[in-house]
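Residue numbers (the numbering used here), protein chains in the order written: chain A, 10 to 310; chain B, 196 to 405.
Built from N, CA and C at the ideal position, the CB exists for glycine as well.
Nothing here was measured: the structure is a model prediction, and the numbers come from that model.
Accompanying notes for the structure given below.
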Amino acid sequence: MTGAWALNALDAEERARIEDYLAQDADAAAEARSFEETAGELARDLEPVAPRPELKNSLMARISQTSQLPPHPAENTDDAAAGSRDEVAARGESSPRTHRADYPVADDSAADRPTGDPDTTEHDATVVPLDRYRSSVQRTRWLAIAAAALMVTTVTGIGLWGTERAAQEDSQATIEALESQQAVSDQERELIATIMASGDATQLTLPSEDGGSLNLMYSNEEEAMIIQAAGLPELPSDSTYQLWLIDPGADPASAGLLTDPDKSALVEESMTPETTLALSVEPAGGSEQPTTTPIVQGLLS
Amino acid sequence: MSPDPTELDRARPRPREPDLEATGTEDSAGAALAELLGRVALGDEEAFSHLYDETSPLLFALIKRVVRDVSMSEEVLQEAFVEIWKQATRFDPHRGSPHGWICTIAHRRAIDVVRSSDASRRRDSDEGLRNIEEKVVDVQEEGIMRVESQRVQVAMRSLTPLQADAIRLAYFGGYSHREVAGLLDIPVGTAKTRIRDGMIVLRDRMGVTS
């Protein structure tokens with residue numbers, strides 16, 4: 010079925026099945042790859058059609074908001090099939106990180122994964138349903154709050170709790186509206202304002218290996234971070250999500266539990282650009298140290 | 196929703212020689228694309244902008260060929276490029292050409308959309324069946340042959356008619372191999388074999404190395 014695979018003529022289930030098979034069979038994988046190239050040659054000879062220029066503008070705006078994926082050891086069946094795990098792993102480590110999607114590869118967890126895992130291959134393949142993509146870029150609640158806070162800091166020049174009362178009152182109305190609607194805690198609002206007013210405010214979206222993602226906004230200078238989960242799978246009552254801050258050469262330090270993933274988590278702990286934020290599933294009540302492989306890892310660079 | 200051939204002729208940037216060998220121009224174009232992709236993998240938006248300029252007319256043609264609806268094609272094109280942006284970090288020049296890689300991404304996106312939007316109409320109703328039949332007529336008569344370059348045409352001519360039809364329906368028509376089997380009135384297993392045999396011939400005729 011390598012031919013049908015390369016022409017994308019398989020349904021999802023068949024596709025997963027053959028990718029499993031390709032992961033086991035280097036010859037078949039090589040053939041599949043050559044067919045993929047051949048298909049590309051067929052495309053090469055279509056008459057080019059220039060898309061409308063407006064499309065490019067909106068695309069460029071979109072990618073400036075879109076994180077790139079980390080290089081991945083189990084990135085596709087071809088890699089797995091070629092049996093060149095070392096080479097791939099080496100590439101994963103040596104690949105330069107992007108300036109924006111700066112989550113390091115979860116090397117350990119990725120290496121632990123079976124390379125032929127159909128979920129993995131499917132996920133890492135290029136097939137991402139449109140609606141899933143859309144949901145991943147939907148603005149989360151705190152991003153809306155952050156936008157309000159940003160407006161405030163812009164207006165007052167020195168932050169939400171600045172001295173220009175008029176501007177503050179103006180923005181207060183917006184915030185109150187958000188507050189009544191969305192129950193923003195004072196603490197949360199203050200933290201957002203602190204982060205937004207800092208010189209190194211950074212926004213980052215980290216995908217979870219179990220689906221869903223964490224949206225972060227943080228400032229290393231202010232040692233402040235706010236985390237909003239989106240679409241994490243619900244856990245059984247004997248488990249909880251736990252956040253970790255991991256500094257190089259040190260044991261992971263708990264950054265609190267995420268007992269209600271719908272609520273923002275506020276973190277005010279020591280953090281640097283070398284610190285990695287991680288999320289793991291732990292027994293209810295949390296753990297001293299992570300007991301499972303984190304499902305989210307990201308460098309706070 | 197077939198492209199107007201005269202308009203396409205105007206849009207065509209350069210004539211293509213009908214040779215079967217990969218040309219030096221393509222090699223250097225491939226190297227340039229690989230270099231661009233490498234920069235895109237570093238988050239270089241300017242490189243991404245160049246990559247878009249270089250490749251979007253071709254990818255748009257491919258997507259439009261499969262999706263047919265223009266506004267839907269435009270959306271697919273954007274999704275494909277977002278995907279290229281996100282996945283550039285994972286492109287490995289040792290495993291395939293940049294051209295093949297971006298075409299795969301665009302084609303899969305196009306297929307996804309065609310399958311999801313057309314699925315019920317195409318598969319579950321009599322009307323859908325008629326649509327499929329009409330499309331086949333479209334594919335065969337009004338045709339793909341006209342927009343293929345001579346290079347592909349020559350390679351295609353070395354296929355049996357059944358192989359060529361199966362590959363065209365699958366790649367340009369966006370049909371699954373089951374649908375291809377139904378359309379050509381052959382068993383599913385035969386469709387798979389025809390597609391694979393045909394791809395082997397095309398690969399060898401077009402000098403694809405892997």
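Whether or not the region 268–286 of chain A and the region 242–256 of chain A are in contact is what I'm after, with contact meaning three or more pairs of Cβ atoms, one per stretch, closer than 8 Å; do they touch? Of all C-beta pairs linking the region 242–256 of chain A to the region 268–286 of chain A, three or more are shorter than 8 Å, placing the two stretches in contact.
Please tell me whether L354 of chain B and L364 of chain B are closer than 9 Å, where the distance is taken between their beta carbons. If you check the CB distance, L354 of chain B and L364 of chain B do not come in under 9 Å.
With 9 Å as the C-beta to C-beta threshold (strictly closer), list the residues of the region 291–304 of chain B near chain A in chain order. Going along the region 291–304 of chain B in chain order, one finds G291, S292, H294, G295, W296, I297, C298, T299, I300, A301, H302, R303, R304 with a Cβ nearer than 9 Å to chain A.
Please name the residue in B:S311, B:G384, B:I395 whose C-alpha comes closest to that of M351 of chain B. Of B:S311, B:G384, B:I395, the smallest CA-CA separation from M351 of chain B is found for B:I395.
Roughly how far, in whole angstroms, is the beta-carbon of G295 of chain A from the beta-carbon of T249 of chain A, given that I think they are within contact range, below 8 Å? For a cut-off of 8 Å, the C-beta gap from G295 of chain A to T249 of chain A is around 6 Å, short enough to register as a contact.
For N66 of chain A, which residues in chain B fall below 9 Å Cβ to Cβ? Those within 9 Å of N66 of chain A in chain B number zero; the least Cβ separation is about 10 Å.
Rounded to a whole number of angstroms, what is the C-alpha to C-alpha distance between P303 of chain A and A287 of chain A? So the alpha carbons of these two residues sit roughly 6 Å apart.
For N224 of chain A, the first and last residue of its enclosing beta strand (DSSP E): That run of the beta strand (DSSP E) goes 222–228.
Spell out a yes or no on whether the region 258–277 of chain B and the region 225–232 of chain B are touching, meaning 3 or more CB-CB pairs, one atom from each, closer than 8 Å. No, the region 258–277 of chain B is not in contact with the region 225–232 of chain B.
Opposing strand residues paired with M234 of chain A [DSSP bridges]: DSSP output for M234 of chain A lists A:Y227, A:V276 as bridge partner(s).
If you reduce the DSSP assignment to three classes, tell me which class A264 of chain A lands in. Strand.
DSSP puts L254 of chain A in a beta bridge; with which residues? DSSP output for L254 of chain A lists A:A262, A:L286 as bridge partner(s).
Counting along the chain, where does the beta strand (DSSP E) carrying T214 of chain A start and finish? Looking at the DSSP string, the run of the beta strand (DSSP E) that includes T214 of chain A is 211–216.
Along the region 43–59 of chain A, what residues have a CB closer than 7 Å to any CB found in chain B? Cβ contacts with chain B: S43, F44, E45, E46, T47, A48, G49, E50, L51, A52, R53, D54, L55, E56, P57, V58, A59.
Using a Cβ-Cβ cut-off of less than 9 Å, give me the residues of the region 374–394 of chain B that come near chain A, in sequence order. Taking 9 Å as the upper bound on Cβ-Cβ separation, chain A lies near residues E374, V375, A386, K387, T388, R389, I390, R391, D392, G393, M394 of the region 374–394 of chain B.
Please report the distance separating the alpha-carbon of A13 of chain A from that of A41 of chain A. Roughly 9 Å between the two C-alpha positions.
Measuring only between beta-carbons, confirm whether A423 of chain B sits less than 9 Å from chain A. In the structure as shown, chain B begins at 196 and stops at 405. Residue 423 of chain B is therefore absent and cannot be evaluated.
Give the interface partners of G225 of chain B over in chain A, defined as CB-CB distance under 9 Å, in chain order. What G225 of chain B touches in chain A: nothing, since even the nearest Cβ is about 11 Å away.
S73 of chain A: buried (16+ other C-beta within 10 angstroms of its C-beta) or exposed? Counting Cβ neighbours within 10 Å, S73 of chain A comes out exposed, since fewer than 16 surround it.
Hey, does R260 of chain B have any beta-carbon neighbour from chain A nearer than 9 Å? Chain A has a Cβ within less than 9 Å of the Cβ of R260 of chain B.
Quick one: list the residues of chain B neighbouring R61 of chain A, beta-carbon separation under 8 Å, in chain order. Neighbours of R61 of chain A in chain B, taken as residues at a C-beta separation under 8 Å, are given in chain order as E269.
State buried or exposed for H302 of chain B, treating a residue as buried only when at least 16 other CB atoms are found within 10 Å of its CB. By the neighbour-count rule (16 or more Cβ atoms within 10 Å), H302 of chain B is buried.
Between the CA atoms of P382 of chain B and S263 of chain A - distance to the nearest angstrom: When rounded, the distance between both Cα atoms is 59 Å.
Give me the residue from A:T203, A:E199, A:E232, A:M226 with the minimum Cα distance to Q212 of chain A. Residue A:M226 is the option with its Cα nearest to Q212 of chain A.
Report the rounded CA-to-CA distance for P261 of chain A versus V305 of chain A, giving the unit in angstroms. Approximately 14 Å between the Cα atoms of the pair.
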